[in-house]
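Below: the structure, in structure tokens.
Residue numbers (our numbering): -18 to 106.
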């Protein structure tokens, strides 16, 4: 799994390769929030195109619990999933409800997710 944080842009990016389960990925995101609570306010790009194990509601709950342990900045926050799985838009609707103040979107490329974040930020400014 690849992982990076760009503090200047306030974006964290994760890339899940084959064999990385939703549980492993969720624990990594939760650990990021707990290690550096500022990151709970960052946008996240999660490339899961090569992941072959999927995620469960319990995996998402790991992230939700860590997210809500930390105070977050006001304003829009996005979780961007890069996938070709046609069911992900359904997952993101559920996640929007679970997180409350974070919106989740689906893209087919990392570049598309980055471009969306750039547009969203310029509109919010």
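Don't be surprised by glycine CBs; every beta carbon is placed ideally from N, CA and C.
- In this structure, residue 36 sits near residue 4, with a CB-CB distance shorter than 9 angstroms.
- Selection -9, 65 and 83 evaluated against residue 44 yields 83 as nearest (Cα-Cα).
- Residue 42 is positioned such that its CB atom lies closer than 9 angstroms to that of residue 79.
- DSSP places residue 27 inside the beta strand (DSSP E), whose first and last residues are 24 to 28.
- Excluding sequence positions up to five before and after residue 54, its CB lies within less than 6 angstroms of the CB of 22, all in the same chain and listed in chain order.
- According to the DSSP secondary-structure assignment, residue 59 is paired through a beta bridge with 84.
- About 4 angstroms separates the beta carbons of residue 94 and residue 61, which is inside the 8 angstroms limit, making them a contact pair.
- In the same chain as residue -14, and ignoring 5 residues on each side of it, the C-beta atoms closer than 6 angstroms to its own belong to -7, in chain order.
- Our two residues, residue 101 and residue 6, have alpha carbons roughly 25 angstroms apart in a direct line.
- Apart from sequence neighbours up to five positions away, the residues of its chain that approach residue 32 with a beta-carbon distance below 6 angstroms are -3 and 1, ordered along the chain.
- Within the same chain, and ignoring the five residues on either side of residue 64 in sequence, the residues whose Cβ sits closer than 7 angstroms to its Cβ are 29, 30 and 87.
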